[in-house]
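A.B. asks: Shown below is the structure under consideration.
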Amino acid sequence: MSLHRFYPIFDNAGWLHRTLPLGVKLVQLRIKDMDVADLWNAITQAKSLCRAHSASLVINDHWQIAIDAGCEWVHLGQEDLDTADLPAIRRAGLRLGISTHDHAELDRALSMSPDYVALGPVYPTILKKMKWHQQGLERVTEWKRAIGDLPLVAIGGMRVERTADVFAAGADVVSVVTDITLSDDPETRVRAWIEATR
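Counting in the UniProt record's numbering, the sequence shown runs from 1 upward without gaps.
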């Protein structure tokens, strides 16, 4: 299975309106605080947008809604794994991505036969406070060696200028958040990412 090498993460469907027409083909919707009705609307809207643009949509965390809405992908962090119904996710045919930060988490993730493994933060990140310091490119290489043909997603502190080094270290996919969402010109930044990850 191959994934598009550019994988932005957004916190609302409005970003999909702006970026999917530019050529984004793999995107994650990561919404943390929203009531169920609004969350359902956001996810179904995002699904329709992605279908119209032949893009793959990954739902962060909200696996039950992802199942009910007929989504194709769900991404789970380590805390999410504590409560998620993995057999239900698999029965529904969803593909699964899992976040990892250390060897114990990687072992746990691999025991669940994910469809990709994410490693982060590769570089220092301002997205959220984490107990893990930057992993570095050496850890990217180590992780890729450990997971073999499974796609490796690198996340954390990603900038266009770092793309070549991250791929050279072994990542298959680069996941991006604030380099786009905090940009003065997000559309131009997305175009630069698409070009850098061709």
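Heads up, the beta-carbon is just placed ideally off N, CA and C, and yes, glycines get one too.
Computed from a predicted model, the values in this text were never measured in an experiment.
Cβ atoms of Val174 and Thr163: under 8 Å apart, would you say?
C.D. replies: yes
A.B. asks: Between the Cα of Gly157 and the Cα atoms of Leu182, Thr178, Ile194, which residue gives the shortest distance?
C.D. replies: Comparing Cα positions, the closest option is Thr178.
A.B. asks: Can you check DSSP and say which residues form a bridge with Tyr116?
C.D. replies: Gly97
A.B. asks: Roughly how many angstroms separate the alpha carbons of Asn12 and Leu29, rounded to a whole number?
C.D. replies: 7 Å
A.B. asks: Looking only at its own chain, which residues have a Cβ that is under 6 Å from the Cβ of Ala169, when we skip the five neighbours before and after it?
C.D. replies: Leu137, Val140, Thr141
A.B. asks: Would you decide whether Thr83 is buried or exposed? Buried here means 16 or more other CB atoms lie within 10 Å of its CB.
C.D. replies: exposed
A.B. asks: Would you kindly report the start and end of the unbroken beta strand (DSSP E) that includes Leu81?
C.D. replies: Segment 78-83 is the alpha helix (DSSP H) holding Leu81; no beta strand (DSSP E) there.
A.B. asks: Roughly how many whole angstroms lie between the Cα atoms of Leu20 and Ser54?
C.D. replies: 9 Å
A.B. asks: Quick check: the Cα distance between Val190 and Val27, rounded to an integer number of angstroms?
C.D. replies: 12 Å
A.B. asks: What's the gap between the Cα of Trp63 and the Cα of Val74?
C.D. replies: For Trp63 and Val74, the distance between alpha carbons rounds to 6 Å.
A.B. asks: For the beta strand (DSSP E) holding Ile59, just list the boundary residues, first then last.
C.D. replies: 56-60
A.B. asks: Provide the residue span of the alpha helix (DSSP H) that contains Ala92, from first to last.
C.D. replies: Neither: Ala92 is in no alpha helix (DSSP H) and is coded neither H nor E.
A.B. asks: Short of 6 Å in beta carbon distance, which residues of its chain neighbour Tyr123, apart from the five on each side in sequence? Order them along the chain.
C.D. replies: Gln134, Gly156, Gly157
A.B. asks: Which of helix, strand or coil does DSSP assign to Gln28?
C.D. replies: strand
A.B. asks: For Asp68, count neighbouring Cβ atoms within 10 angstroms of its own Cβ and tell me buried if that reaches 16, exposed if not.
C.D. replies: exposed
A.B. asks: Of the choices Gly70, Pro87, Glu105, Ile31, whose alpha-carbon is the least far from that of Glu79?
C.D. replies: Glu105
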